[in-house]
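First comes the structure, then the notes that go with it.
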Amino acid sequence: MWMVIHGLIASAIGIAVGLAINWFPESASTQAGPIDRLYDILIWVSVPVFVTVTIIVLFSVQNFRMRPGEEQLDGPPIHGNTRLEVIWTAIPAIILVVLCGYAWVVLRDIEEAQAGEMRVNVVGQQFAWTFEYPQADGEPVRSKHLYLPKDQPVRFSVRAIDVIHDFWVPAFRMKIDAVPGIETGYRITPNRLGTYPVVCAELCGLGHAVMRATTRVVEPAAFERWIAQQKAPAQASEDGEVDGKALFTDGNGAATACGACHTLADAATSSATGPDLDEVLADKDAAYIEREIVDPNAEITPGFQTGIMPPNYGDTLSSDELEALVTYLGEVAGK
Ligand code: CUA
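Counting from 1 along the sequence shown, just add 1149 to a position and that's the residue number in our numbering.
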């Protein structure tokens, strides 16, 4: 009776506290509801299991402990209890099978293909995300931030260029590794307007902590306007000058934006993954700046490590782009 009464009280308190704590950030996808519910049910089931084990241990310590004068005594021999062993094997087995079955149903439901899915390619690269929106009429639209129309089912196709990253939007509750050489992915349907963080959830190098972006869930009409805007400047630049500043802050799809890792006052960037360019490029000439871009390991700023900056900018930037970037940095760094 002592165990049952204390167990019931402790379970009630534990479940109440477990459900009252706000474990998760805001939910912004149709997948979040079933996942959060699964978590609540796991609390309902696991708290009584924990309480039962703890209560039995406390009860045994209290009642069967060694008392003064019993140091030399041994306990009575025990030859097992078949009925008890069957019960304590069967009950946990049933609980596990039921919970696994339920979790499997939840997983199947949230991964189910939806009609009219929009595809978004997610590319992870040290230390930034690129989001590609394939277009029926030509080049995909590329963005450093994730824009999604509300209530539109999305299928993410996730890739990595260099090392393993992990594409995670906590508000959507889904995450998956981005692995070089293979394509992974998941589905979500955003169902709440707002701005939510995108996080890299796999330790991928020194800049891992800053490998973040923003998800904006917007009205479908606003999304269409955004796509149209993104297409416009790309067409303009084909016959015009390359904009060094835009290249610095946005990258070009293949080349990660410099501003994702470097501070530069003129571009209003502030990351400290790489050296502060206002400091290190202030009095440098064009040849030096160009060498630092295409061969970043030739000379390392004290306090930083070799191999952090991608060594392939010489390949991922066209000669026009490289020139525009060098010109831009020469004009503004340290000014
Ligand atoms: Cu990419 Cu951590």
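Built from N, CA and C at the ideal position, the CB exists for glycine as well.
What you are looking at is a predicted structure, and each value in this text was computed from that prediction instead of being measured.
Test item: CB-CB of residue i and residue j under 8 Å
| i | j | result |
| --- | --- | --- |
| Phe-1372 | Tyr-1251 | no |
| Ser-1292 | Phe-1280 | yes |
| Ala-1409 | Ala-1262 | no |
| Ala-1416 | Thr-1398 | yes |
| Arg-1365 | Thr-1344 | yes |
| Val-1202 | Ser-1160 | no |
| Gly-1273 | Ala-1239 | no |
| Pro-1346 | Arg-1361 | yes |
| Val-1271 | Lys-1380 | no |
| Leu-1413 | Asp-1432 | no |
| Leu-1430 | Gly-1483 | yes |
| Glu-1266 | Val-1210 | no |
| Trp-1193 | Ile-1164 | yes |
| Gly-1393 | Tyr-1477 | yes |
| Glu-1288 | Val-1391 | no |
| Met-1152 | Ile-1205 | yes |
| Arg-1322 | Ser-1195 | no |
| Val-1307 | Thr-1333 | yes |
DSSP state of residue i mapped onto helix, strand, coil
| i | result |
| --- | --- |
| Gln-1379 | helix |
| Val-1254 | helix |
| Trp-1214 | Note that residue 1214 corresponds to Arg in the displayed sequence, not to Trp. Coil. |
| Met-1323 | strand |
| Arg-1341 | coil |
| Asp-1399 | helix |
| Thr-1465 | helix |
| Gly-1334 | strand |
| Val-1475 | helix |
| Val-1173 | According to the sequence as given, residue 1173 is Phe; it is not Val. Phe-1173 falls in the coil class under three-state DSSP. |
| Thr-1179 | coil |
| Ala-1309 | strand |
| Val-1391 | coil |
| Val-1328 | coil |
| Ala-1362 | strand |
| Val-1367 | strand |
(message) Any contact between the stretch 1448 to 1458 and the stretch 1344 to 1358? By contact I mean 3 or more CB pairs, one from each, below 8 Å.
(response) yes
(message) Counting beta carbon pairs with one atom in the stretch 1339 to 1352 and one in the stretch 1303 to 1318, are three or more of them shorter than 8 Å?
(response) yes
(request) Tell me, please, whether the stretch 1445 to 1453 touches the stretch 1464 to 1474 by the rule of three or more beta-carbon pairs shorter than 8 Å. (result) no
(message) What ranges does the beta strand (DSSP E) occupy inside the stretch 1219 to 1307, keeping only unbroken runs of at least 3 residues that lie completely in it?
(response) 1267 to 1274, 1277 to 1284, 1287 to 1292, 1295 to 1298
(message) Closer than 8 Å is the cut-off here; do at least three beta carbon pairs connect the stretch 1251 to 1260 with the stretch 1428 to 1443?
(response) no
(request) Write down every uninterrupted run of the alpha helix (DSSP H) in the stretch 1405 to 1471 whose length is 4 residues or greater and which is fully enclosed by it, in chain order. (result) 1426 to 1429, 1435 to 1443, 1462 to 1465
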